[in-house]
Structure formats: C-alpha cells, structure tokens
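The working numbering puts the first residue of the sequence shown at 20, with every later residue one more than the last.
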Amino acid sequence: MATLDYLVLAAFFALVGGIGVAAFRQVRGSRDYFVAGGRIPWWLGGISHHVSGYSGVVFVGYAAVAYRHGFTLYVWWAFAIFVACAVGARWFAPRWARLREAHGIESPTEYLVVRYNLATQQLTAWSGVLLKLFDVGAKWAAIGVLLHGFTGLPVAAGIWISGGVSLLYITLGGLWADLYNDLAQFVVQLLAGFVLLTAVASRLGGWDSLWTIWERLPEGHGQPFNGPYTPWFFVGMLAAWTLSYNGGSWTLATRYIGAPSANSARRSALLSGALYLLWPLVLFFPMWAAPVLLPDLADPSQSYVMLARQLLPTGMIGLVLAAMFAATMSMTASDTNTISAVITRDVLPGLFSRFRGLDQRRALGVARMSTLLFMALTLLIGIEAERFGGVLGLIISWFAALIGPVSVPMLCGLLPTFRHADARAAMASILGGFGAFGIVRLMPEATQAARVIAPLATSFCLYAGMAWLNRRRPVPAAVTALLAGLSAERLPGNGETVPIRDGRDD
20 MATLDYLVLA AFFALVGGIG VAAFRQVRGS RDYFVAGGRI PWWLGGISHH VSGYSGVVFV
80 GYAAVAYRHG FTLYVWWAFA IFVACAVGAR WFAPRWARLR EAHGIESPTE YLVVRYNLAT
140 QQLTAWSGVL LKLFDVGAKW AAIGVLLHGF TGLPVAAGIW ISGGVSLLYI TLGGLWADLY
200 NDLAQFVVQL LAGFVLLTAV ASRLGGWDSL WTIWERLPEG HGQPFNGPYT PWFFVGMLAA
260 WTLSYNGGSW TLATRYIGAP SANSARRSAL LSGALYLLWP LVLFFPMWAA PVLLPDLADP
320 SQSYVMLARQ LLPTGMIGLV LAAMFAATMS MTASDTNTIS AVITRDVLPG LFSRFRGLDQ
380 RRALGVARMS TLLFMALTLL IGIEAERFGG VLGLIISWFA ALIGPVSVPM LCGLLPTFRH
440 ADARAAMASI LGGFGAFGIV RLMPEATQAA RVIAPLATSF CLYAGMAWLN RRRPVPAAVT
500 ALLAGLSAER LPGNGETVPI RDGRDD
C-alpha cells in the first residue's frame with residue numbers, strides 16, 4: 020500500500036478510538052455496557068444487527084467460495100439470512116425486547132433460570148462461551164490474512180494489532196461503542212463497496228457486465244446450487260442462520276434486548292433483513308467476477324484483496340482495508356461484549372456467591388475484566404486457526420454445526436408451542452446435538468450438509484419429542500406467566516420490571 024493508504028487506515032483507527040472514548044461517557048453501569056440501557060433506536064439496531072453479521076471471513080473464506088462456486092454463496096448466506104430475519108421479526112425479536120422490559124435481563128441466557136433451571140442455564144452459557152471462542156477466533160484469523168495480503172505483515176501480527184484496537188474501544192464503551200462503530204462501519208463499507216463495484220464493472224466493459232458476466236464464468240457459477248453447496252446444504256444453513264440471527268448468536272439477540280419496545284425490535288429485524296437481501300448483491304459481485312479478472316488463482320481466498328490492489332487508486336485501497344477491519348472488529352467486539360454479559364450475569368454467579376447481587380458499578384468492573392480475558396483467548400485461537408481447519412472450517416464445520424444444540428432450547432423456549440419442554444428436554448437437546456456433532460466429525464465421508472444438519476436436527480427432534488411426551492404434565496406457573504408475557508403486545512401489570520429469580524440458593 021502507498022503512504023496515503025496507510026494514512027486512511029490510521030484515520031480509521033483514530034475514529035474507532037474516538038468512538039470508544041465518546042461512548043465511555045454514556046456507560047454508567049452494566050445495563051448501559053451490555054444492552055445500551057434499553058434505548059437503541061430501531062434504525063440503529065437494524066443497521067447494527069446487519070453489520071454484525073459481517074467480518075473478515077466474508078472477504079476471505081466466502082470470497083474463496085464465490086471464486087470456486089459462484090452465485091450459490093448469495094443463496095445460502097445472504098438470502099437465507101434475509102429469510103431468517105423475516106422469521107425473527109414475527110416470532111423472536113419482539114420477545115427478546117419484552118424479556119428486558121418485564122424482567123430487566125442483560126444477557127440472552129439470563130431468563131433460562133426461570134424457563135428451565137439453573138443447571139440448564141449453566142450448560143447453555145458454558146457451551147455458548149466455548150463455541151464463541153472458535154467463532155471469534157476464525158474472524159481474527161481472517162483479518163490477519165487480509166492484512167497480510169495488503170501489507171505483507173505476518174498474520175499473527177495482524178491479529179494482535181486488530182485485536183488490540185478492538186479491545187480498547189469495546190472495553191471502554193461496551194455496546195454503545197459497538198453500535199456507533201457499526202454505524203461508521205456501515206458508511207465506510209457502502210463507500211468502499213460501490214467504489215470497487217464501479218472499478219470491476221469498468222474493467223469488464225461497463226455496467227452491462229452485471230448481467231453478461233455469467234456467460235464468461237465457469238459452468239455452474241450462475242446457478243443457485245453448485246459443488247458441495249446443494250439444496251440440502253441450503254436447508255441446513257437456513258436452519259442454522261434462523262437460530263443464529265434470532266438469538267443463537269447472542270450478540271445479535273442484544274440488538275433486540277436493547278430495543279425500547281417490541282415494535283422497535285421488530286422493525287430492526289425487518290431493516291436488517293432488507294439490507295441482507297440487497298447489499299450483498301453489490302458486495303459479492305467483484306468476488307463473482309474474480310475468475311474472469313484473475314484466472315487460475317492459486318489461493319482464491321486472496322481474490323478480493325488482489326482485486327482491490329489491482330483496480331483501486333491510491334487511498335481507496337486503505338479505505339477498503341478499513342472497511343474490512345471495521346467489519347471484523349464490529350462483529351468480534353459485539354461477540355465479546357455479549358459473552359462478557361453471559362459470564363458476568365450467568366456463569367460467575369453460578370460458580371461463586373460473591374458475584375451474586377452485584378450493583379451496577381461493581382458489575383461493570385467485572386464486565387470489563389471478563390471482556391479482556393475472553394478476547395485474549397480468541398486471539399490465541401485465531402493465531403492457531405489452521406489447527407481447526409482454517410477460517411472456513413471454523414465457521415462451517417464448527418460454528419454452523421454447533422449453533423443448533425446451543426440455540427434450540429434457548430429460542431424454542433421463548434415460544435408457547437414448546438411450553439411442555441422442561442429442563443430435561445433442554446439438556447437432552449444440547450447434549451444429544453453435541454453427540455451427533457462428534458459422530459459426524461468421525462465420518463470422513465460425511466458431506467458439508469450432513470455436518471451442519473445432523474447436530475441441529477438431532478437437537479430439535481430431542482427437544483420437540485420430549486416436549487410432546489410431556490404434553491400431559493402441568494406447566495409450572497412461573498413458565499406459564501413468562502410465556503404469556505412474552506406473547507402479549509402489552510405487558511401485564513403496572514410496567515415495573517420484575518427481576519429474574521436467581522434460583523441459585525434452591
């Protein structure tokens with residue numbers, strides 16, 4: 020990169036640091052740190068929910084998929100997430116907001132004590148924390164690869180630099196810092212995306228290439244399903260994204276939990292879904308066109324980087340890299356903030372009595388320390404990503420496969436349809452899904468679709484089956500009241516918050 024590119028990148032890092040300092044002034048306690056005090060505007064929540072789904076993985080792992088297999092990437096990623104957000108706007112997003120309104124929750128797993136019991140909450144919390152270590156680690160690995168491609172900096176050094184910047188602003192400003200960074204990242208990504216799209220279209224002969232390029236690409240690149248990405252793989256990923264984007268990825272649940280009302284959360288989900296339907300068509304086009312512009316590329320994961328380096332003028336390369344940095348830091352910071360909430364609100368109080376009943380100030384101190392430790396662990400995993408199958412292996416083979424067992428009891432537990440599912444059903448669902456994952460991992464002939472579907476299907480079938488077997492058993496009054504409140508457009512009572520009952524001294 021030229022000097023101007025480095026100056027643009029430095030300006031971006033200064034902006035991120037400024038966001039952290041500005042947001043620091045808005046954080047007075049753990050409620051502000053974790054859920055922005057329940058004051059997230061619907062449009063900011065929607066943009067943040069959308070942006071939090073991007074990371075360096077899109078520009079590395081998914082760029083390789085687009086290079087090798089074409090349009091199918093949009094179908095099983097962007098379009099599937101659009102459907103997931105539409106489902107969430109109807110059934111899940113409003114319920115997350117009502118949980119905070121009625122019970123003052125600050126973490127997505129906090130309500131599980133009432134819905135099931137303490138043991139189920141702890142199993143879910145620990146499982147999710149461990150899963151996120153791999154997910155966030157993959158994103159750090161991706162940004163390290165990107166930085167290496169642009170600057171030649173060693174991958175490990177790139178991971179430590181980007182992680183250090185993220186750690187600074189998320190530790191200071193919590194969710195408010197993350198929301199403001201998401202907005203800035205959205206603007207930067209729009210500008211960088213349209214600039215690269217224009218450059219690629221110009222190189223291909225004009226805007227008509229948006230429609231004619233498919234005839235020049237390898238066979239199958241214009242098809243919705245290609246290579247290992249079959250209709251069954253789409254079904255598996257659609258199920259995984261539906262769980263992930265509606266709360267299975269806890270960081271995305273916080274965008275709804277922090278909404279001021281159920282209607283605001285619903286509108287945020289619809290906005291995020293609309294952006295997933297439209298924006299990836301712009302963002303992915305250079306990746307789809309890469310086989311024409313960069314034929315016979317030895318490492319397709321570098322296709323997006325190489326296009327930017329070849330086609331963009333000085334200064335714009337730094338902007339594109341800043342957009343990639345922003346995407347990754349946005350997602351990893353969001354994840355870290357939410358995991359910190361789960362550790363502070365659920366894991367530590369379940370293990371040590373001195374962490375129970377903390378006031379807002381003391382809880383904030385614990386939150387910042389847990390944020391620091393969790394992010395340090397994810398950076399180590401990012402450096403060792405190749406041991407787990409590389410970037411795409413971590414995302415598809417680990418995260419997409421394990422999101423089902425962690426998410427099924429948490430999300431289905433919000434729905435009255437599954438009111439008869441008790442703690443035994445939830446724990447059997449989680450453990451059974453993990454068992455199916457282990458079995459499929461030992462089968463070298465298993466397809467990508469099987470690796471994703473088997474754990475999720477096992478988890479759901481166990482959960483739904485045990486709920487059906489329990490259908491004649493009475494539902495505890497606390498669970499009935501909880502589900503009734505989450506389904507109501509207006510919460511019962513006088514609007515006062517009723518804290519989630521601790522349940523740890525039972």
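C-beta: ideal position from N, C-alpha, C; glycine also. Note that this is a predicted model, so its numbers are computed, not measured.
Assuming ALA444 contacts TYR482 (C-beta within less than 8 Å), just tell me the rounded distance between them.
5 Å
Burial state of ALA308, where buried means 16 or more other Cβ atoms lie within 10 Å:
buried
For LEU383 versus SER126, is the C-beta distance shorter than 7 Å?
no
Output the boundary residues of the alpha helix (DSSP H) element that contains SER268.
Note, SER268: premise wrong, no alpha helix (DSSP H); not H, not E.
Out of LEU149, LEU166, HIS167 and TYR199, which has the shortest C-alpha to C-alpha gap to MET350?
TYR199
Proximity to ALA468 [Cα-Cα], best of ILE402, SER320, SER353 and THR249
THR249
Grouping DSSP H, G and I as helix and E and B as strand, with all else coil, what is TRP275?
What sits at residue 275 in the sequence shown is Tyr, not Trp. It is helical.
Between the stretch 98-107 and the stretch 288-305, do three or more beta carbon pairs fall short of 8 Å?
yes
CB GLN321 to CB GLY168, shorter than 7 Å?
yes
Whose C-alpha, out of PRO113, GLU120 and THR436, is nearest the C-alpha of GLY57?
GLU120
Hey, would you say the C-beta of GLN141 is under 6 Å away from at least one heavy atom of the ligand FAD?
Among the components modelled here there is no ligand, and therefore nothing to report on the ligand FAD.
Proximity to GLY182 [Cα-Cα], best of LEU430, TRP195 and LEU166:
LEU166
Using alpha carbons as the reference points, say which of THR261, ARG134 and ALA360 lies closest to GLY423.
THR261
Does the beta-carbon distance from VAL94 to PRO243 come in below 7 Å?
yes
Hey, could you find the ends of the alpha helix (DSSP H) GLU120 is sitting in?
112-122
Count Cβ pairs between the stretch 200-214 and the stretch 367-383 that sit closer than 8 Å; are there 3 or more?
no
Identify whether ASN282 lies in helix, strand or coil by the three-state DSSP scheme.
helix
Counting beta carbon pairs with one atom in the stretch 108-120 and one in the stretch 186-194, are three or more of them shorter than 8 Å?
no
For the pair the stretch 272-286 and the stretch 74-91, tell me if three or more CB-CB distances fall below 8 Å.
no
Take every Cβ of the stretch 143-153, pair it with every Cβ of the stretch 423-438, and state whether three or more of those distances are shorter than 8 Å.
yes
Would you kindly work out how many angstroms separate the C-alpha atoms of VAL498 and ARG134, rounded to a whole number?
6 Å
Look up ARG73 in the DSSP assignment and say whether it is helix, strand or coil.
Here the sequence assigns Tyr to residue 73, which means Arg is not the residue at that position. Coil at TYR73, not helix or strand.
Measure how close the beta-carbons of ALA211 and LEU338 come, nearest whole angstrom, since I'm counting them as under 8 Å.
5 Å
Take the Cβ of ASP524 as the centre, count every other Cβ of all protein chains shown within 10 Å, and call the residue buried at 16 or more, exposed below.
In this prediction, ASP524 has a pLDDT of 44, which is less than 50 and means its spatial position is unreliable; nothing more can be read from the coordinates.
Where does TYR93 sit, in a helix, a strand or coil, going by DSSP?
helix
Spatial distance of LEU430 from ALA352 (CA atoms):
23 Å
Apply the 10 Å Cβ neighbour rule to PRO463 and answer buried if 16 or more other Cβ atoms are within range, or exposed otherwise.
exposed
For TYR248, which three-state DSSP category applies?
strand
Reducing DSSP to helix, strand and coil, say where ILE38 ends up.
helix
Exposed or buried, which one is GLU129 when buried takes at least 16 other CB atoms within 10 Å?
buried
With DSSP collapsed to three states, give me the class of TYR295.
helix
Taking the alpha-carbon positions, what's the LEU326 to THR170 distance?
14 Å
Quick one: is ASP354 buried, meaning 16 or more other Cβ sit within 10 Å of its Cβ, or exposed?
buried
Straight-line gap, LEU488 to TRP110 (C-alpha atoms, nearest Å):
24 Å
Output needed for PHE453: all residues of its chain with C-beta closer than 8 Å, excluding positions within five of it in sequence on either side, in chain order.
SER146, LEU421, PRO424 and PRO474
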